[in-house]
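Input: a single structure, listed below in structure tokens.
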Amino acid sequence: MQPASDAAADFVARRDREQRRHFARRPKKIGEVLAQLITARGYGRIQADADFTAAWQAAAGEALARFTRPGRVRRGQLEVTVDNSTIVQELTFQKQHILQALQAELPEARIRDLRFRLGPVSWKTT
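Set out below in structure tokens:
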């Protein structure tokens, strides 16, 4: 025979399992299902990347943007991959202006600084 405390703990565990099972079977709102799907498939990240790319092209200008690719924001610093060192130098000269434009376009991103690094830019617009 089980002591009363073990029986009570067993009862609580069974009740919790049954509640979780019941919750899993109940109808869900379509908004919840779509939000889970977007999160699971990474579609939200794709949209965010597209927004960053559009904002970057507007802030840097078409002439410079075609030699660059915006990356991730880490600790308020946007990392930008640049095709060659000449463009890095030009971007450095225009850094404050570009930063202000990005902050106006994407205030929720909280970009405080830009970091330029040389690397291959896989997509180039002609």
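Take 1221 as the starting number for the sequence shown in my numbering and just add one per residue.
Beta carbons are placed, not taken as given, at the ideal position from N, Cα and C, and that holds for glycine.
- If you look at Phe-1287, you'll find it isn't in any alpha helix (DSSP H); DSSP assigns it neither H nor E.
- Burial of Ile-1307 is indicated by the presence of at least 16 other C-beta atoms within 10 angstroms of its C-beta.
- DSSP, read as helix, strand or coil, puts Leu-1257 in helix.
- Contact check between the segment 1244-1260 and the segment 1289-1297: fewer than three CB pairs, one atom from each, fall below 8 Å, which does not count as touching.
- Beta bridge pairing from DSSP links Gln-1297 with Arg-1294 and Asp-1333.
- Within its own chain, the residues whose Cβ lies closer than 7 Å to the Cβ of Thr-1301, once the five positions on either side in sequence are excluded, are Thr-1288, Arg-1289, Gly-1291, Arg-1337, Gly-1339 and Val-1341, listed in chain order.
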